[in-house]
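K.L.:
Input: one structure, supplied below.
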Amino acid sequence: MSRGASLSCRSRQAAAILQRSAMEGSPDAEFQEAVQLQLSCLGMALERLARHPGLSKSADSSSSAAGVSSTPEQLLGVYVPSSPSPARSTSSAASSGTQGAAGSTKRDTLDISFDLDDQGRRVEALLEFFPDGSASIEWSASELPVPLAYIQCLIHEVDLLGSIAPFIVTSGCLQQFSSNAADRLVRIVSQPPIPFVSGMEAVAQRFGFDLLETPWAGLCMVECAPEWAQVGDAVPSWRGVARPPPYQTGLRQVEVKTVVALGRPCGQNGELTTIFFSGKGDLKVPRSLLPNWLIRNLVTLMGKFIYQRTIEIVAKFDTSEHGKRLRTADASSFYSTLNKRIAKSVEARPASRL
Numbered sequence: 001m002s003r004g005a006s007l008s009c010r011s012r013q014a015a016a017i018l019q020r021s022a023m024e025g026s027p028d029a030e031f032q033e034a035v036q037l038q039l040s041c042l043g044m045a046l047e048r049l050a051r052h053p054g055l056s057k058s059a060d061s062s063s064s065a066a067g068v069s070s071t072p073e074q075l076l077g078v079y080v081p082s083s084p085s086p087a088r089s090t091s092s093a094a095s096s097g098t099q100g101a102a103g104s105t106k107r108d109t110l111d112i113s114f115d116l117d118d119q120g121r122r123v124e125a126l127l128e129f130f131p132d133g134s135a136s137i138e139w140s141a142s143e144l145p146v147p148l149a150y151i152q153c154l155i156h157e158v159d160l161l162g163s164i165a166p167f168i169v170t171s172g173c174l175q176q177f178s179s180n181a182a183d184r185l186v187r188i189v190s191q192p193p194i195p196f197v198s199g200m201e202a203v204a205q206r207f208g209f210d211l212l213e214t215p216w217a218g219l220c221m222v223e224c225a226p227e228w229a230q231v232g233d234a235v236p237s238w239r240g241v242a243r244p245p246p247y248q249t250g251l252r253q254v255e256v257k258t259v260v261a262l263g264r265p266c267g268q269n270g271e272l273t274t275i276f277f278s279g280k281g282d283l284k285v286p287r288s289l290l291p292n293w294l295i296r297n298l299v300t301l302m303g304k305f306i307y308q309r310t311i312e313i314v315a316k317f318d319t320s321e322h323g324k325r326l327r328t329a330d331a332s333s334f335y336s337t338l339n340k341r342i343a344k345s346v347e348a349r350p351a352s353r354l
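Below, the structure is given as structure tokens:
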């Protein structure tokens with residue numbers, strides 16, 4: 001069986017091919033393990049994303065893609081919601097059970113909303129801090145004047161993150177896995193202005209999924225924490241990759257539990273993008289060092305900075321480093337495939353979603 005089925009990050013199709021291959025008695029064990037891992041991360045991420053307040057308000061969330069079932073799916077034995085609606089009901093039930101067990105404990109939440117420009121484009125965000133020291137953030141931004149293909153490139157070229165986001169010390173890909181171009185281990189080191197915190201380091205497993213032909217109607221990026229395993233005295237490893245030493249001493253090691261972002265093409269010709277983001281992790285920073293005013297200022301500063309830098313890069317994209325990489329031989333197949341998929345999905349949209 002060819003691994004080409006996963007090159008466009010379409011793990012659903014890869015799972016179907018694997019199932020047929022198993023029935024024919026010729027399964028690829030290594031490839032099957034990789035796809036099952038990706039499906040497991042995707043399933044957990046979509047269940048989390050279904051609780052996103054912005055997605056629940058979106059008119060698109062209740063629409064169905066033509067010819068696609070909206071019922072939950074079992075792919076290679078892994079539950080992967082095929083649309084936001086059933087995932088939301090499952091997640092809500094689980095959330096209600098947790099709330100009942102916790103009693104009437106007051107939630108530590110913070111709403112943050114701010115304008116990105118004078119054209120009415122806004123970010124709506126909700127942060128929550130938990131007793132175990134972890135925190136979550138959910139935000140959405142609608143109809144940004146950046147095509148989804150460009151946003152995909154800005155995210156994928158992780159070593160150029162410092163040209164877009166503030167406080168970045170270094171970022172890069174630690175390991176590119178062979179299943180597809182979006183399957184990689186990444187590291188981001190930052191130094192936000194938080195008192196008594198010299199810096200933060202996060203190492204995460206990143207996947208990308210093409211959900212354009214499903215009711216999710218977009219490209220989905222998922223990050224999760226590598227499960228480092230140690231055998232004997234060997235260095236702990238993840239998927240055959242040794243755990244890297246800290247970038248430098250004194251950094252807070254951020255544990256990325258689940259991060260998911262869904263980008264949807266919108267506008268008459270797909271020239272705009274709506275983004276839904278949900279993430280949870282252990283910051284390893286006491287809540288007492290994160291007063292609400294500091295969090296609000298940091299989130300607003302970072303959001304506006306990233307937006308303005310993105311607009312500047314897109315304005316001269318062809319001559320930017322991102323544009324140069326998009327045209328290189330190694331990346332052209334990956335990006336051209338995604339660009340064709342995005343264009344096809346925009347063309348096939350019902351009139352109600354234009």
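Residues in the sequence shown are numbered consecutively from 1, following this note's numbering.
By construction, the Cβ of each residue, glycine as well, lies at the ideal position given by its N, Cα and C atoms.
Three Cβ pairs or more, each shorter than 8 angstroms: is that satisfied between the stretch 294 to 310 and the stretch 163 to 172?
P.N.:
Counting C-beta pairs with one atom in each stretch, the stretch 294 to 310 and the stretch 163 to 172 have three or more that are closer than 8 angstroms, which means they touch.
K.L.:
Check residue 248 in the structure and name its three-state DSSP category.
P.N.:
coil
K.L.:
Between 131, 82 and 116, which has its C-alpha nearest residue 106's C-alpha?
P.N.:
131
K.L.:
Starting from residue 119, trace the beta strand (DSSP E) both ways and give me its first and last residue.
P.N.:
First-last for residue 119: undefined, no H or E at that position.
K.L.:
Mind checking if residue 178 is an interface residue toward chain B, Cβ cutoff 8 angstroms exclusive?
P.N.:
Looking at the structure shown, chain B is missing, and only one protein chain is on hand.
K.L.:
In angstroms, rounded to a whole number, what distance separates the CA positions of residue 320 and residue 231?
P.N.:
45 angstroms
K.L.:
Would you call the stretch 170 to 186 and the stretch 205 to 222 in contact, with 3 or more CB pairs under 8 angstroms?
P.N.:
yes
K.L.:
Please give the ranges of any beta strand (DSSP E) in the stretch 251 to 304, keeping only runs that are unbroken, at least 3 residues long and fully inside the region.
P.N.:
252 to 266 and 272 to 282
K.L.:
Pull the bridge partners of residue 170 from the DSSP assignment, please.
P.N.:
189
K.L.:
Residue 136 by DSSP, collapsed to three states: which one?
P.N.:
Note: residue 136 maps to strand in three-state DSSP.
K.L.:
Relative to the C-alpha of residue 138, which residue among 324, 277 and 293 is closest?
P.N.:
Among 324, 277 and 293, the Cα nearest to that of residue 138 belongs to 277.
K.L.:
Let me know the secondary structure DSSP gives residue 317 once reduced to three states.
P.N.:
Of the three classes helix, strand and coil, the one that applies to residue 317 here is helix, per DSSP.
K.L.:
Here's a check: name, in chain order, each residue in its chain whose Cβ is nearer than 7 angstroms to the Cβ of residue 133, leaving out the five neighbours to either side.
P.N.:
282
K.L.:
When you compare only the Cα positions, how much space is there between residue 142 and residue 217?
P.N.:
14 angstroms
K.L.:
At the level of alpha carbons, what is the spacing between residue 270 and residue 148?
P.N.:
Straight-line Cα distance between these residues: approximately 8 angstroms.
K.L.:
On a CA-only basis, which of 266, 185, 264 and 279 is nearest residue 126? Give me that one, please.
P.N.:
Of the candidates 266, 185, 264 and 279, the one whose C-alpha sits nearest the C-alpha of residue 126 is 279.
K.L.:
Considering residue 197, what are the terminal residues of the beta strand (DSSP E) in which it resides?
P.N.:
Element bounds for residue 197: n/a, residue is neither H nor E.
K.L.:
Return helix, strand or coil for residue 55, following the three-state DSSP convention.
P.N.:
helix
K.L.:
Just how far apart, CA to CA, sit residue 140 and residue 257?
P.N.:
In a straight line, the C-alpha of residue 140 is about 20 angstroms away from that of residue 257.
K.L.:
Look at the alpha carbon of residue 299 and the alpha carbon of residue 111, and state the distance between them as a whole number of angstroms.
P.N.:
11 angstroms
K.L.:
With DSSP collapsed to three states, give me the class of residue 345.
P.N.:
helix
K.L.:
Rounded to the nearest angstrom, how far is the Cβ of residue 199 from that of residue 186, given a contact under 8 angstroms?
P.N.:
With 8 angstroms as the limit, residue 199 and residue 186 do not qualify as a contact, their Cβ atoms being about 17 angstroms apart.
K.L.:
From the DSSP secondary-structure annotation, give me the bridge partner or partners of residue 240.
P.N.:
Answer by DSSP bridge pairing: none, since residue 240 is not bridged.
K.L.:
I'd like the list of long-range same chain contacts for residue 229, defined as Cβ closer than 8 angstroms, with 5 residues on each side in sequence excluded.
P.N.:
Closer than 8 angstroms at the Cβ level, and outside the excluded window around residue 229, lie 236, 237 and 238.
K.L.:
Classify residue 347: buried if its beta carbon has 16 or more other beta carbons within 10 angstroms, exposed otherwise.
P.N.:
It is exposed - the Cβ of residue 347 has fewer than 16 other Cβ atoms within 10 Å.
K.L.:
Just the C-alpha distance for residue 115 and residue 109, rounded to the nearest angstrom, thanks.
P.N.:
20 angstroms
K.L.:
In or out: residue 336 buried (at least 16 other Cβ within 10 Å) or exposed?
P.N.:
Exposed, by the Cβ-count rule.
K.L.:
Apart from the five residues just before and just after residue 41, which ones in its own chain have a Cβ nearer than 7 angstroms to its Cβ?
P.N.:
207, 222 and 224
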